[in-house]
Amino acid sequence: MEDKTIEQEKAATIASLRSLLQPHSIAVVGASRRQATIGNRLFHHLLQQEFKGVVYPVNPNTEAVASVKTAPTVLDISGGVDLAIVIIPADEVNQVIEQCGQKGVGSVVIISAGFGEIGAEGKKKQDVILETCRRYGMRLVGPNCMGVINANPEVSMNATFSSVFPRFGNVALGTQSGALGLAILEYARDLNIGLSTFVSIGNRADVSSNDLLQYWVEDPATDVILLYLESFGNPRKFARIARSITLKKPIVVVKSGRTPAGSRAATSHTGALATAEVASEALFAQTGMIRVDTLEELFDVANMLSHQPIPSGRRVAVLTNGGGPGILTADACAERGLELPSLSDKTLSGLKGFLSSRASLANPVDMTAEATADEYDRALRLLAQDDNIDIVIVIFIPPIVTQA
Numbered sequence: 001m002e003d004k005t006i007e008q009e010k011a012a013t014i015a016s017l018r019s020l021l022q023p024h025s026i027a028v029v030g031a032s033r034r035q036a037t038i039g040n041r042l043f044h045h046l047l048q049q050e051f052k053g054v055v056y057p058v059n060p061n062t063e064a065v066a067s068v069k070t071a072p073t074v075l076d077i078s079g080g081v082d083l084a085i086v087i088i089p090a091d092e093v094n095q096v097i098e099q100c101g102q103k104g105v106g107s108v109v110i111i112s113a114g115f116g117e118i119g120a121e122g123k124k125k126q127d128v129i130l131e132t133c134r135r136y137g138m139r140l141v142g143p144n145c146m147g148v149i150n151a152n153p154e155v156s157m158n159a160t161f162s163s164v165f166p167r168f169g170n171v172a173l174g175t176q177s178g179a180l181g182l183a184i185l186e187y188a189r190d191l192n193i194g195l196s197t198f199v200s201i202g203n204r205a206d207v208s209s210n211d212l213l214q215y216w217v218e219d220p221a222t223d224v225i226l227l228y229l230e231s232f233g234n235p236r237k238f239a240r241i242a243r244s245i246t247l248k249k250p251i252v253v254v255k256s257g258r259t260p261a262g263s264r265a266a267t268s269h270t271g272a273l274a275t276a277e278v279a280s281e282a283l284f285a286q287t288g289m290i291r292v293d294t295l296e297e298l299f300d301v302a303n304m305l306s307h308q309p310i311p312s313g314r315r316v317a318v319l320t321n322g323g324g325p326g327i328l329t330a331d332a333c334a335e336r337g338l339e340l341p342s343l344s345d346k347t348l349s350g351l352k353g354f355l356s357s358r359a360s361l362a363n364p365v366d367m368t369a370e371a372t373a374d375e376y377d378r379a380l381r382l383l384a385q386d387d388n389i390d391i392v393i394v395i396f397i398p399p400i401v402t403q404a
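If you read the sequence shown in our numbering, its first letter stands for residue 1, the second for the next number, and so on.
In C-alpha cells:
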C-alpha cells in the first residue's frame, strides 16, 4: 500500500511540473521596455530563442514590450496561461499570485527577492504566497531564483535572465544558487555539454530538488542529473527518492556548506537550514549519489556519464603507458571503494601475445612508453571482455620521441 501511495505521489508531481517545464503559454509579469532590467532581458530571451508557445508581457505602465502588446494584469490576457514568470517588487507579488490563481495558471516562477532569504519578515511574505499557490493548486518555483530552461527544440524556452542558452542534450541541472546557475550555464556552453532542462529553485518554498528528481527520472530526454545543493530540505524523503533514482540514472551533486562557515553562509543565502556534514556524507553513501567538490569536477563527471553507461560494478582495470599515473589511479580507486582484481587467464594470455616483454600485466596494466595505438586498441578490447572487470580506466601519456 505504501509503494502504491509513493507511485501516486510521483505521478502527481510529474503531472504538476509539466506546466513549468513544458508550457504552451507564458506570461511575464514585470516585462519591461527599460534596457538592462531583468524584466526586459527575460522577455527578450524568450523571443530570441523562439519559444514554441505564446508569450504575453504583463505591465500596466506600458502599451507594448518588444512590439508585443502588453496586458495590464494576468486576468486581462485573452488566452490561457500555463506558466507565469513574476519579476516585480516583493510587496506586490501576492496580489499577482492571487490573480494567477483566478486565471487558472498552472505554475509560477518568482524571480523577485526579498522573501525567506532576508529573515522572519520575508519568510512571512513567502508563507502567504505559498498558501495562495496551494489554495489554487499552482506549483511555485522560487522566490529568489533565476528561472527555468527547456532546451528541447520542441519547447525552446529560456525563461531566465541569462543570455546563455545551452545546446540540447541529455543532462538535467538544478541549482539553489542563481549566481552559480549563471556560471554553470556558461561552463556547460564552454565545455559543449548539452542540457535537457535547467531549474533554479532559489528559496524552494514549494518546488524542490525532490520534485525535480521525480520528474527527471521519467523524462526521456534526461540521462544524467546534476544538482547544486545547500541543504536537503527533508533529508529522509530526499534519500528515499534519490536511492530509487540512482538505480536508473546517475545523480551528481555539489553540496556546499561543508564547514561551519559555509553552513552559516548557506542559511543566510536562501533561508534554508544547512545539513550537518556527517549527515550529508551518510546520505550520499546510502543513496548512491556521486558527490563532487567543484563545478569543474561536476562537469567532468557529467561529460563522462552523458556518453558512457553506468558501470555494472566496482571492479576496475587500469590501462596505462606510464607506471606513475597507473599507481596514482590505483590509489584513487582504492580510496573510493573500488577494486582492482587480477585479470583472467584468458586476458593475460591475450596480452602476452602482443605486448612488449617489458610490460607489466598486473592490474594496472603498464604497456610502457613504447605502446602503439594498435596495442592500446587490442588491450582495451581484451580488458572490456574480461568477466572480472566492470570498468576500464585508460591513461595515455604522450611519449617523448628523441632522435639519435
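C-beta: ideal position from N, C-alpha, C; glycine also.
Report yes or no: do three or more beta-carbon pairs, one from the stretch 55–69 and one from the stretch 8–17, lie closer than 8 Å? Cβ pair count under 8 Å is below three, so no.
Tell me whether the stretch 156–167 and the stretch 290–300 touch, counting them as touching only if at least three CB pairs, one residue from each stretch, are closer than 8 Å. As far as the Cβ criterion goes, the stretch 156–167 does not touch the stretch 290–300, which means the pair count is below three.
Let me make sure I understand the geometry here. Which of TYR376, SER177 and GLY194 has the alpha-carbon closest to that of CYS145? The option with the nearest alpha carbon to CYS145 is SER177.
Hey, quick one: how far does the alpha helix (DSSP H) through MET157 stretch, first residue to last? Run containing MET157: none in the alpha helix (DSSP H); it sits in the beta strand (DSSP E), 157–160.
Any contact of the stretch 314–324 with the stretch 336–353, i.e. 3+ C-beta pairs under 8 Å? By the Cβ criterion, the stretch 314–324 is in contact with the stretch 336–353, since at least three pairs of Cβ atoms, one from each stretch, lie closer than 8 Å.
Please list, in chain order, all residues of the same chain as ASN152 whose beta carbon is under 7 Å from its beta carbon, the five residues on each side excluded. Correct list, in chain order: PHE168, SER196 and ALA221.
Can you check whether the CB of GLY101 is closer than 8 Å to the CB of ASP82? Not a contact, by the Cβ cut-off of 8 Å.
Using the C-alpha atoms, what's the distance from LEU348 back to SER356? The straight-line gap from Cα to Cα measures roughly 13 Å.
Once DSSP output is grouped into helix, strand and coil, what is the label at VAL74? DSSP places VAL74 within a helical segment (H, G or I) once states are collapsed to three.
DSSP-derived helix/strand/coil call for ALA404: Unreliable placement is indicated for ALA404, whose pLDDT of 46 sits below 50; the coordinate value is still reported in the next sentence. Coil.
Comparing the C-beta of ALA362 with each C-beta of chain B, is any distance below 8 Å? Although the question refers to chain B, the structure presented lacks it and comprises just one protein chain.
Taking a contact to mean a Cβ-Cβ separation below 8 Å, would you say ALA279 touches LEU226 in this structure? No. Outside cutoff.
Hey, how far is the Cα of GLU121 from the Cα of GLU230? Approximately 22 Å, taken between the alpha carbons.
With DSSP as the reference, label PHE43 as helix, strand or coil. Correct three-state label for PHE43: helix.
Measuring CB atoms only, is the stretch 187–204 touching the stretch 235–246, in the sense that at least three cross pairs come out at less than 8 Å? Below 8 Å, too few C-beta pairs join the stretch 187–204 and the stretch 235–246 to call them touching: fewer than three.
Output the distance between the C-alpha atoms of ASP390 and ALA334, rounded to the nearest integer angstrom. About 15 Å.
Alpha helix (DSSP H) containing PRO325: first to last residue? Annotation for PRO325: the continuous alpha helix (DSSP H) segment containing it runs 323–335.
Whether or not the stretch 363–373 and the stretch 325–333 are in contact is what I'm after, with contact meaning three or more pairs of Cβ atoms, one per stretch, closer than 8 Å; do they touch? In short, these stretches touch, since the Cβ pair count reaches three.
Kindly provide the ranges of any alpha helix (DSSP H) runs that are 4 or more residues long and lie completely inside the stretch 280–308, ordered along the chain. The stretch 280–308 contains these whole alpha helix (DSSP H) runs: 295–305.
For VAL96, does the three-state DSSP call read helix, strand or coil? VAL96 carries a helical assignment under DSSP once its states are collapsed to helix, strand and coil.
As assigned by DSSP and simplified to three states, the class of GLY106: In the structure shown, GLY106 falls within a coil segment according to DSSP collapsed to helix, strand and coil.
If we ignore side chains and look at the alpha-carbon of each, how far apart do PHE94 and PRO309 end up? First, the residue type needs correcting, since residue 94 is Asn and not Phe in the sequence shown. One Cα belongs to ASN94, the other to PRO309, and the distance between them is close to 46 Å.
Measure the CB-CB distance between ILE38 and ILE111 and report whether it falls below 8 Å. Contact: yes.
What span of residues does the beta strand (DSSP E) with ALA27 cover, start to end? Looking at the DSSP string, the run of the beta strand (DSSP E) that includes ALA27 is 25–29.
Other residues of its chain near HIS45: CB distance less than 6 Å, five sequence neighbours each side excluded: Excluding residues within five positions, the ones whose Cβ falls inside 6 Å are ASN158.
Could you give the residue range of the alpha helix (DSSP H) that holds ARG167? Where ARG167 is concerned, there is no enclosing alpha helix (DSSP H), given that its DSSP letter is neither H nor E.
So the candidates are THR175, GLY80 and ARG381; which of them puts its Cα closest to the Cα of ASN210? For the set THR175, GLY80 and ARG381, the Cα lying nearest the Cα of ASN210 is the one of THR175.
Assuming GLY79 and SER156 make a contact with CB atoms under 8 Å, what is their CB distance in whole Å? In fact, because the Cβ distance is near 19 Å, the residues do not count as touching under 8 Å.
Beta carbon of ILE97 nearer than 8 Å to that of THR132: At the C-beta level, ILE97 and THR132 come within 8 Å of one another.
Looking only at its own chain, which residues have a Cβ that is under 7 Å from the Cβ of VAL392, when we skip the five neighbours before and after it? The beta carbon of VAL392 sits closer than 7 Å to the beta carbons of ALA317, LEU319, LEU380, LEU383 and ALA384 from its chain, once the five residues preceding and following it are set aside; these are given in chain order.
In the DSSP assignment, find the unbroken alpha helix (DSSP H) run with PRO341 in it and report its ends. Boundaries cannot be given for PRO341, as no alpha helix (DSSP H) includes it and DSSP labels it neither H nor E.
Could you give the residue range of the alpha helix (DSSP H) that holds LEU182? For LEU182, the enclosing alpha helix (DSSP H) starts and ends at 178–190.
Limits of the beta strand (DSSP E) - the one that LEU195 falls within: Where LEU195 is concerned, the enclosing beta strand (DSSP E) stretches over 195–200.
Quick one: is ASN192 buried, meaning 16 or more other Cβ sit within 10 Å of its Cβ, or exposed? Looking at its Cβ environment, which holds fewer than 16 other Cβ atoms inside 10 Å, ASN192 is exposed.
Same chain, Cβ closer than 7 Å to GLY53, five either side skipped, listed in chain order: So the qualifying residues of the chain are PRO23, HIS24, SER25 and ILE26.
DSSP beta-bridge partners for ILE149? BP columns for ILE149 point to ASN158 and PHE198.
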